[in-house]
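Novice:
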Amino acid sequence: MTPGQTNLEQIFETQIRTLALTLRPSTVDDYRYTARHFLSYLRATCPQLRRLSQLRRDPHLLGWFRWLSEQEPPLSNPTRTNRLIRLRRLLDDLAANGHPVQSDLIRREDFPPKPHYLPGPLSLEEDQLVQQELRRTDDLYANALLLLRATGIRLGECIHLPLDCLQQVGTQQWALHVPLGKLHTERLVPADPEVRRIVERILTLRTSSPLARFANSQGFLLPRRGASRRALVLTLESPLAQAAKRASCATHVTPHRLRHSFATEMLRLGVSLPVLMKLRMTLRYVEVTQQDLQREFHQARQNAAHPHRLPTLALPKDMPSAGLPGVRQALEATRHLPEMYRRQLGDEKIRRRLRRLDKRLLTVASQLQRIQKEQK
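If you count the sequence shown from 1, position 286 lands on 284 in the numbering used here, and the numbers rise without skipping.
1) Would residue 177 pass as a contact of residue 160 if the rule is Cβ separation under 8 Å?
2) May I have the straight-line CA-CA distance separating residue 46 from residue 94, to the nearest angstrom?
3) For residue 34 and residue 8, what's the separation of their Cα atoms in angstroms?
4) Does the count of Cβ pairs from the segment 238 to 253 and the segment 136 to 152 closer than 8 Å reach three?
5) So for residue 40, helix, strand or coil by DSSP?
6) In or out: residue 350 buried (at least 16 other Cβ within 10 Å) or exposed?
7) Is there at least one Cβ from chain D nearer than 8 Å to residue 265's Cβ?
8) Express the C-alpha separation of residue 232 and residue 205 in angstroms, rounding to a whole number.
9) Kindly list the residues whose CB is nearer than 8 Å to the CB of residue 149, restricted to its own chain and excluding five residues on each side of it in sequence; keep chain order.
10) Quick check for students: name the residue ranges of the alpha helix (DSSP H) that lie wholly in the segment 42 to 89, counting only runs of 4 or more.
11) State buried or exposed for residue 107, treating a residue as buried only when at least 16 other CB atoms are found within 10 Å of its CB.
12) Considering only residues of the same chain and omitting the five flanking positions on each side of residue 102, which have a CB-CB separation below 8 Å?
13) Restricting to Cα atoms, I'd like to know which of 96, 79, 104 and 72 is closest to residue 57.
14) Determine the direct distance from the alpha carbon of residue 153 to that of residue 253, and round the result to whole angstroms.
15) Can you tell me the Cα-Cα spacing of residue 363 and residue 337, whole angstroms?
16) From the DSSP secondary-structure annotation, give me the bridge partner or partners of residue 336.
17) Can you list, in chain order, the residues of its chain whose CB lies under 8 Å from that of residue 18, leaving out five sequence neighbours each side?
18) Have a look at the DSSP bridge pairing and note the partners of residue 189.
19) Measure how close the beta-carbons of residue 219 and residue 196 come, nearest whole angstrom, since I'm counting them as under 8 Å.
20) Between residue 119 and residue 354, what straight-line distance do the alpha-carbon atoms span, to the nearest angstrom?
21) Please state the DSSP three-state secondary structure of residue 165.
22) From the DSSP output, read off the bridge partner residues of residue 109.
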């Protein structure tokens, strides 16, 4: 070991001891482990590197990234991510303390991709228990979460609901005005008596909230202290997590899963796919009027208290009844219902059977597409 390399180890160890003043011992051990492995890699591959000023992104950091990805047995993505985070923290702190460390040695694109799991709805039992806990809490943010569940709107849309979001759109017909959101489209979501009760309760609780006096709260249904969207998101996520804990939910509950639970309930209660897709603004392949939305939404909400078997597919009247385009469109909608049902099941054997069934339907859809091309 050369004196220069020993000096590098001393520099890193000094910085780690500084971190030890505020971090847990186990976390400090993780930093020390990462630093030792990084310096060990440098000793083996770049013995001429003796000073921090010589450290470069290429070949030193990029080489270390490749070395991490080639370990046997392979390191998991979370492990590799944690090592990059720890080393980046050490290098940034060393630079802040006056050491000659180049900036931007570790970049965002260096981190392994995070797995993006498809969020699923809550089970029927967990869904009911969480709603009961939120009703029992009955504060401003618990009611905001109930509004999310009752309408299926996004968390970001709920945060930006205007103070006068509840609007009358016809005789005995009300709707929640959702301003421009993720898809840059404003819409009216039908509001039944339960939704109207929740909004009125929020307005009542809002008057006694100290945050309502802040200038940033003017014009919004949910008051906020500052302009930070993230702060309000966390304010809503925390009571949901607490309600899920009190309800003894076995799975992680997020606001977005409330949206999926809303969609699953609407399908189970008989709302047709085109109407549901119009409600959620995820896909539109037919035009649905506000009357269609109101009729099917209220019919489903009235039946929400009664158990239902998985309904047969309800197709809109204006969908083509003949021709391959109409057949293929109906088949795609048919595939969606068993998939939504499969996600609610805990029996892995039945889930596998439903997956096999979906593959058969996909084969039929492919054959229909081929026939359509041959006819052109």
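Ideal Cβ placement from N, Cα and C applies to all residues, glycine included.
Specialist: Let's see:
1) Counted from its first residue, the sequence shown places residue 177 at position 179. Counted from its first residue, the sequence shown places residue 160 at position 162. Yes, the pair counts as a contact, with Cβ atoms nearer than the cut-off.
2) The residue you call residue 46 lines up with position 48 of the sequence shown. The residue you call residue 94 lines up with position 96 of the sequence shown. Rounded to whole angstroms, residue 46 to residue 94 spans 25 Å at the Cα level.
3) In the sequence shown, residue 34 corresponds to position 36, counting from 1. In the sequence shown, residue 8 corresponds to position 10, counting from 1. Rounded to whole angstroms, residue 34 to residue 8 spans 11 Å at the Cα level.
4) yes
5) On the sequence shown, residue 40 is found 42 positions in, with the first residue counted as 1. Residue 40: helix per DSSP, three-state reduction.
6) Here the question's residue 350 lines up with position 352 in the sequence shown. Residue 350 should be labelled exposed.
7) Of the chains in the structure shown, none is chain D; there is only one protein chain.
8) For the purposes of this step, residue 205 is taken as residue 207 along the sequence shown, with counting starting at 1. For the purposes of this step, residue 232 is taken as residue 234 along the sequence shown, with counting starting at 1. Rounded to the nearest angstrom, the two C-alpha atoms are 22 Å apart.
9) Numbered from 1 along the sequence shown, position 151 holds the residue referred to as residue 149. Contacts found: 174, 187, 189, 193 and 260.
10) Contiguous alpha helix (DSSP H) elements confined to the segment 42 to 89 occur at 60 to 67, taking only those with 4 or more residues.
11) On the sequence shown, position 109 is the one that residue 107 refers to. Counting Cβ neighbours within 10 Å, residue 107 comes out exposed, since fewer than 16 surround it.
12) On the sequence shown, position 104 is the one that residue 102 refers to. Closer than 8 Å at Cβ, skipping near neighbours: 55.
13) Within the sequence shown, residue 57 is the residue found at index 59, counting from 1. Cα-wise, what sits closest to residue 57 is 104.
14) Stepping through the sequence shown from its first residue, residue 253 is reached at position 255. Stepping through the sequence shown from its first residue, residue 153 is reached at position 155. So the two alpha carbons sit approximately 7 Å from each other.
15) On the sequence shown, position 365 is the one that residue 363 refers to. On the sequence shown, position 339 is the one that residue 337 refers to. Cα-Cα distance, rounded: 16 Å.
16) Position 338 of the sequence shown holds residue 336. Residue 336 pairs with nothing; no bridge assigned.
17) Numbered from 1 along the sequence shown, position 20 holds the residue referred to as residue 18. Here the set comprises 26.
18) For the purposes of this step, residue 189 is taken as the residue at position 191 of the sequence shown. In the DSSP output, where bridge partners are listed per residue, residue 189 has 172.
19) Here the question's residue 219 lines up with position 221 in the sequence shown. Here the question's residue 196 lines up with position 198 in the sequence shown. The pair is not a contact, with the Cβ atoms about 11 Å apart (cut-off 8 Å).
20) By 1-based counting over the sequence shown, the position of residue 119 is 121. By 1-based counting over the sequence shown, the position of residue 354 is 356. Residue 119 and residue 354: Cα-Cα distance of roughly 22 Å.
21) Position 167 of the sequence shown, counting from 1, holds the residue named residue 165. In this structure, residue 165 counts as strand in the three-state DSSP scheme.
22) The count along the sequence shown starts at 1 and reaches residue 109 at position 111. Looking at the DSSP assignment, residue 109 forms no beta bridge with any residue, so it has no partner.
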